[in-house]
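Participant: Heads up, the sequence shown is in full-length UniProt numbering, so the first residue is 1 and it goes up one at a time. Below you will find the structure I want to go over with you.
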Amino acid sequence: MSPAPWIAAAALAYAVLVSTLAANAAWTWLLKRRPASTAAPATMLVPVFGLSLAHLLFDEPLGCSSSVTEERQGATAGLAP
Numbered sequence: 001m002s003p004a005p006w007i008a009a010a011a012l013a014y015a016v017l018v019s020t021l022a023a024n025a026a027w028t029w030l031l032k033r034r035p036a037s038t039a040a041p042a043t044m045l046v047p048v049f050g051l052s053l054a055h056l057l058f059d060e061p062l063g064c065s066s067s068v069t070e071e072r073q074g075a076t077a078g079l080a081p
């Protein structure tokens with residue numbers, strides 16, 4: 001058996017643990033300095049920053065692809081009266 005599955009599992013565990021610890025540390029730091037009612041709405045910006053950075057750094061297209069649109073049309077086709 002090749003070591004690739006173990007390496008992949010270790011890389012995944014590292015990424016999950018590091019990102020979780022970093023996110024929790026940042027959230028705790030923020031809540032020590034701001035009330036939750038002020039800090040919580042900022043979490044709504046996560047998808048905006050994620051999409052923007054993916055577009056800027058990796059040249060990902062913004063918007064729906066045709067396959068997503070076709071899947072939605074196919075899924076809702078049976079619901080029309």
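Just so it is clear, CB atoms sit at the ideal spot from N, CA and C, and this is done for glycine as well.
#1: W27: which of A15, P41, Y14 sits nearest, CA to CA?
#2: Just to confirm the assignment, what range does the alpha helix (DSSP H) spanning L12 have?
#3: Would you report the Cα separation of R34 and S2, rounded to the nearest angstrom?
#4: Looking at the secondary structure, which residues open and close the alpha helix (DSSP H) in which L57 lies?
#5: Looking at P61 and H55, is the spacing between their C-beta atoms short of 9 Å?
Facilitator: Once the coordinates are examined:
#1: P41
#2: 4–33
#3: 49 Å
#4: 46–58
#5: yes
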